[in-house]
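Engineer:
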Amino acid sequence: MPGSVLPVVTRFAPSPTGHLHLGHAHAALFGWRTARAAGGQFLLRIEDIDTGRCRPVFETDLIEDLRWLGLDWDGPIRRQSAHFDDYRAARAQLEALGLLYRCFCTRRDVAAEIGEAAQAPHGLAGSLYPGRCRTLSPAESDDRAAAGHPFAWRLDARRALALTGPLTWTDRLAGTQSVCPETLGDVVLARKDTPTSYHLSVTVDDAIQGVTLVTRGVDLFHATAIHRLLQALLALPVPQWHHHPLLTDDQGRRLAKRDGARSLRALRATGLSPAQVRALAGMT
Ligand code: GLU
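For the sequence shown, the positions run 1068 to 1351 when this note's numbering is used.
Next comes the structure, spelled out in structure tokens:
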């Protein structure tokens, strides 16, 4: 609501597909400090929809790493794998609006089509799905599904934006942003192997958990337009965002989970204290 000041509720939302590294420590401490400085709440959410890649041991370890770093969080931890019904309900709402279509493409199909298209549409975050399955007739789509071909559900983003009308969102660093149809892309909202996707579950959960300030790395800046669109379609509250710069190594490269030497565990094993690791994470 214009003029009203919401209590600050931030969250850290790691995926337990590996051990936390310094980049995660930076993101977690950033969200935690922002909440605590404002007298607000900090939540922890485990983004484990990818049941094939997530491992319980990484969840146990990340909780221990965060506590070791000195973080605490409010309320229970939300585990996405326990809430597939919430995402199914949201997906059904979007389907009822006529905004979803089945996509039977494999990754290889999508890559080939993007490669072939002379004017492949590009979103700010990379190549956008060119839309091969958007034009399937409902009968053909039904037939293929009935024949057992695996499919994902995609959002018809332009149609969705035509329904909501122009949208904006606010980043505390970058200011007010407009949602542009050219850069949206028909993202997957339910994957072939799981009844949701990153975009859908993150949007639903931020609303269910009452998150008022989404703090996360700037690498997800362009995903926010999709989340803003989904909030409008699902009539969810609209938070603010603060996309912070990513921590980089000495050569300016982004830190990744595969960079095992920089995992918090590895750093701990060298005898560093929590304060020293916080400093390495750029959070003195
Ligand atoms: N689970 C996401 C990640 O580990 C974070 C998503 C978000 O903060 O919106 O990158």
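Even for Gly, the Cβ is constructed at its ideal location relative to N, Cα and C. No experiment lies behind these values; they were computed from the predicted model shown.
(1) Under DSSP, the beta strand (DSSP E) around Val-1281 begins and ends at which residues?
(2) Give the DSSP-derived three-state secondary structure of Val-1372 in the structure shown.
(3) Please report how far the alpha carbon of Pro-1262 lies from the alpha carbon of Pro-1233, in whole angstroms.
(4) Could you have a look at Tyr-1196 and say whether DSSP puts it in helix, strand or coil?
(5) Straight-line CA distance for Ala-1299 to Arg-1078?
(6) Between Val-1278 and chain D, is there a C-beta pair that is closer than 8 Å?
(7) Are there any heavy atoms of the ligand GLU lying less than 7 Å away from the beta-carbon of Pro-1081, as far as the coordinates show?
(8) Could you give the C-beta distance for Ala-1290 and His-1266, rounded to a whole number, given that I count them as a contact under 8 Å?
(9) Measuring straight from C-alpha to C-alpha, what distance separates Tyr-1196 and Arg-1335?
(10) Considering only the alpha carbon of each residue, which of Ala-1214, Phe-1151, Trp-1220 lies closest to Cys-1172?
(11) Let me know the secondary structure DSSP gives Gly-1090 once reduced to three states.
(12) At which residue ranges does the stretch 1294 to 1341 contain complete beta strand (DSSP E) runs of 3 or more residues, listed in the order of the chain?
(13) What three-state label does DSSP hand Thr-1231 in the structure shown?
(14) If you draw a straight line from the C-alpha of Ala-1355 to the C-alpha of Tyr-1168, how long is it?
Structural biologist: In terms of the structure at hand:
(1) 1280 to 1284
(2) There is no way to answer for residue 1372, as the model of the chain reaches only from 1068 to 1351.
(3) 29 Å
(4) coil
(5) 21 Å
(6) Within the model displayed, chain D is absent; a lone protein chain is all it includes.
(7) yes
(8) 7 Å
(9) 42 Å
(10) Trp-1220
(11) helix
(12) 1307 to 1311
(13) helix
(14) For the chain, the structure presents residues 1068 to 1351; residue 1355 sits outside this window and is missing.
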